[in-house]
Amino acid sequence: MNKYNLNEFQQQAVDQIEGPILVIAGAGSGKTRVIVCKIIKLLEIGIIPENILAVTFTNKAASEMSNRVKESTNENVLTTTFHALGARILRESIHHLDYSNNFTIYDEEDSLKLLKDCYKILNIKDEKGNLKKTKYLISNAKNDLVDINNIKFDYSFTKTKIDIFHLYQKKLKEYNALDFDDLLYLTANLFQKKEEILNMYQDRWPFLLIDEYQDTNFSQYTIAKLLSKKNKNICVVGDPDQSIYSFRGARYQNILNFENDFSNAKVVKLTINYRSTKNILDAANFLIKNNSNRLEKDLVSNLNDGENIKVLNAKTDTEEAKFVINKILKHKKENNISLDNIAIFYRTNFQSRIFEDYLINENIPYVIYGGLSFYQRKEIKDILAFLKLLITKKDFISFSRTINIPKRGIGKQTLLKLLFFTEKENISIINLIEKYLENPSDFKDFKLSSRQKDNLKDYIHKLKEIKELYNQKIDISKIILKMIDTMNYNSYLKEDPISYENRKENVKELISKASLWQKENEGYLDEFLQNLNLMSNVDTKNEKCIKLMSLHNSKGLEFDLVFMVGLEEDLFPHINSKNTLDAVEEERRLCYVGITRAKKYLYISHCQTRYIFGSSKFCIKSRFLKELPEKFIEKVSATMQENYFDPSMNEGIDNDFDMYYPGLMVKHKTFGEGMVTKVYSTSLGETLDIVFDDGDITRSIVTKYAKLSMV
DNA sequence: ACCGGCCTGTTTTTT
DNA sequence: ACAGGCCGGT
211 MNKYNLNEFQ QQAVDQIEGP ILVIAGAGSG KTRVIVCKII KLLEIGIIPE
261 NILAVTFTNK AASEMSNRVK ESTNENVLTT TFHALGARIL RESIHHLDYS
311 NNFTIYDEED SLKLLKDCYK ILNIKDEKGN LKKTKYLISN AKNDLVDINN
361 IKFDYSFTKT KIDIFHLYQK KLKEYNALDF DDLLYLTANL FQKKEEILNM
411 YQDRWPFLLI DEYQDTNFSQ YTIAKLLSKK NKNICVVGDP DQSIYSFRGA
461 RYQNILNFEN DFSNAKVVKL TINYRSTKNI LDAANFLIKN NSNRLEKDLV
511 SNLNDGENIK VLNAKTDTEE AKFVINKILK HKKENNISLD NIAIFYRTNF
561 QSRIFEDYLI NENIPYVIYG GLSFYQRKEI KDILAFLKLL ITKKDFISFS
611 RTINIPKRGI GKQTLLKLLF FTEKENISII NLIEKYLENP SDFKDFKLSS
661 RQKDNLKDYI HKLKEIKELY NQKIDISKII LKMIDTMNYN SYLKEDPISY
711 ENRKENVKEL ISKASLWQKE NEGYLDEFLQ NLNLMSNVDT KNEKCIKLMS
761 LHNSKGLEFD LVFMVGLEED LFPHINSKNT LDAVEEERRL CYVGITRAKK
811 YLYISHCQTR YIFGSSKFCI KSRFLKELPE KFIEKVSATM QENYFDPSMN
861 EGIDNDFDMY YPGLMVKHKT FGEGMVTKVY STSLGETLDI VFDDGDITRS
911 IVTKYAKLSM V
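Each number in the working numbering corresponds to the 1-based position in the first sequence with 210 added.
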């Protein structure tokens, strides 16, 4: 052992300074430590910090890593996400692609609104759900680096869709905005088209380290490959079993192909898990073995057996939540686990609500990662839209968001006409309005009431007033304050008295964030906005809180005590992923990620009924739960409950029922691809139905009998 | 042409 | 439960 306590293989990975190196690192095998130590080592041998670039997958991981390097060496090494890296590069160099350097960044909501406008301009009616599908198509195309001007027709990219894509891209450029995918797409484009620019960045960062390489998509892969092409010092770390982002184009094949892509690559495998006790890790290993598409590997724990995984079959989601809260209190007291070492993981963000309710009730401090982030809130986005409009007066999306704050009587129809005029005349929305106000008779078929005209005049006038502050580079926080004042934003917020206090607080927080940011950073409004858009979940809160997050957000983290909740078919694995084997296997990897976050205690729960879309639905135990071998599991109950179980249910079916409904019991047994469902009436004391079922039918059957038993 | 009220589908997962 | 879409009233 050495001063960083590295094992033999970790040490090998750290010591390999030059040339390509691939580190296949199982969950909890110390990969972050390897990257951190490698950076420290690079600095020790005299590489200057400016020559090192570390890319991670989330902002949280990035800041954690750079803090650790800073603590040991007091040096700042650029540690960032691919998207933020793209933004940084493009901010400097995008003019080589004939874009403007002060671009703003559109989030998903803005992008969708723009896409919708494109449908309108092209007079294509958007059928329900189509919009998102098209967005997804465009997103994938960009992630795959297709040449936008040369898209291949195929069954998904119809002629119409290609037209939409072209217009969407043209409009983005016109509005001086990039969507998330552009940050990667245009960066890769820049590197491919402008060799001297690529050369400059290659010289700037001769040492490249990439974490979570299994989750890179083609554009990210291309950026990495081009950046390292000259110096070939690329170190990638990852675990194919933890690839969970294929929905945004990630290809775990990238990590499997590394040795082909980079000749003479050294490969190091880390297979000792220092995180989880044996029971937890072994259960996870058994689970992941159910994936057919995987590279076999043996990950062993170097800790003791530890406790079994506790599994709860809860009657309702309420019971599940209560149970979790009780156990949190118990562990806190009995095992002296601090709250920030506890996490609740769920598949979809909406599940967080019920836990929040109970946590608030019990006065337990908590923080939610992901979900509706601060910057996606309406009040914040309103203000940011005003700010974007200061930078780019062509930005129609930001204009339409702000024009009726406060109400100015400009409705859908008027906005649509304005949109058409800007497109036809190729003029910014602000200039268009000015022109119109000067001489309305120039615009045939476009009559506005004098009230509307006055309102528009008022809007333009006020916007100019605010823009004056921007031109003088007055503090961002002062601009926001001025905006709130001039636009009477507070009384606008007061229109909804219930949310008013909360929204006002958020606005205040934004203002203080702005002034803090400006104190600590160089740059002005466009950099500030960029920062906000790319920071999904800022964890400025250092208090001791328990953490709630989606399973996707849990990757890379670890906790003493973990609750995985909602392990039910259709929720996890999610219903939308059940069409293809690949998607189910990805869900299984997600489950694997969740389990391997737990260091000492792991609770997994599923419910028999759950409130979803405002009504109660029946739920079936997740197949993943069934895949965990019994020997690692201990069944626990929420309370000492009545015995719903009838011995006659035992015949040929395993020992616990899966659903409960007043007067009914329902049991499942998996049977090949489907399952057998048995419905038993407790009031009549007889079996009502036995069906062969793919899981979906069960609900209707049970509902049928439930109704009967109610009458 | 705008506004407000009712109805409906809607939620994976993230930068 | 809730936001966004549609329709009917002003």
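C-beta: ideal position from N, C-alpha, C; glycine also.
Predicted model, so just to flag it, every value in this text is computed and none were measured.
Excluding sequence positions up to five before and after T432, its CB lies within less than 8 Å of the CB of L355, A398, F401, Q402, all in the same chain and listed in chain order. Between the segment 505-518 and the segment 824-834 there are fewer than three inter-stretch CB-CB distances shorter than 8 Å, so the stretches are not counted as touching. Collapsing the DSSP output to three states places R485 in coil.
Setting aside the 5 residues that flank it on each side, Y395 is surrounded in the same chain by K352, L355, S429, each with a C-beta closer than 7 Å to its C-beta; the list follows chain order. L232 and R611 have their C-alpha atoms spaced approximately 47 Å apart. When DSSP states are grouped into helix, strand and coil, C801 belongs to the helix group. In this structure, DSSP gives I613 a state outside helix and strand, which the three-state scheme calls coil. Along the length of the segment 688-767, whole beta strand (DSSP E) runs at least 3 residues long occupy 756-760, reported in chain order.
Taking the Cβ atoms as the reference, N518 lies roughly 6 Å from F842, within the contact range of under 8 Å.
Contact check for T266 against T289 passes: the beta carbons are separated by less than 8 Å. Here F560 carries a helix assignment [DSSP, helix/strand/coil].
H376: not part of any beta strand (DSSP E); member of the alpha helix (DSSP H) spanning 369-384, first to last residue.
I465 is bridged by DSSP to nothing; it lacks a bridge partner. Taken through DSSP and simplified to helix, strand or coil, A460 comes out as coil. Inter-residue distance for T370 and Y329 is about 10 Å (C-alpha atoms, whole angstroms).
If you draw a straight line from the Cα of Y646 to the Cα of K603, it is about 16 Å long. For the pair I694 and L679, the CB atoms are not nearer than the 8 Å cut-off. In this structure, the CA atom of F656 is about 14 Å from the CA atom of G621. Between N571 and E779, the alpha-carbon positions lie close to 29 Å from each other.
Short of 6 Å from the beta carbon of D605, and not among the five residues preceding or following it, lie these beta carbons of its own chain, in chain order: Y385, K598, L599. Taking 8 Å as the cut-off, the beta carbon of I822 is found no closer than this to the beta carbon of L812. DSSP lists Y821 as the beta-bridge partner residues of S826. For I490, the CB contacts under 7 Å within the same chain, skipping 5 residues up- and downstream, are G516, I519, I805, A808, L812 in chain order. Runs of beta strand (DSSP E) with 3 or more residues, each lying fully within the segment 569-640, are found at 576-578, listed in chain order. Taking a cut-off of 8 Å for Cβ pairs, the segment 589-597 and the segment 714-732 touch, as three or more such pairs fall below it. The residue from D327, Y556, D492, G296 with its alpha-carbon nearest to that of L758 is Y556.
For S276, the three-state secondary structure derived from DSSP is helix. Contact between the segment 237-254 and the segment 442-449 is present, with at least three C-beta pairs closer than 8 Å. Residue pairing by DSSP places N523 opposite H816 in a beta bridge.
With a cutoff of 8 Å on beta-carbon distance, T526 and T819 are scored as near each other. In terms of Cα proximity to Y346, the closest of E405, F375, D364 is F375. Between the alpha carbons of K442 and G229 lies a distance of about 5 Å. If the five residues before and after I444 are omitted, its C-beta is found closer than 6 Å to the C-beta atoms of P230, L418, S438, all from its own chain and listed in chain order. In its chain, beyond the 5 residues on either side, L347 have a beta carbon closer than 8 Å to the beta carbon of S366. Scanning K836, K810, E796 for the CA closest to the CA of N501 turns up E796. The residues I361, F363, in chain order, have a CB closer than 8 Å to that of I372 in the same chain once the five nearest residues on each side in sequence are set aside.
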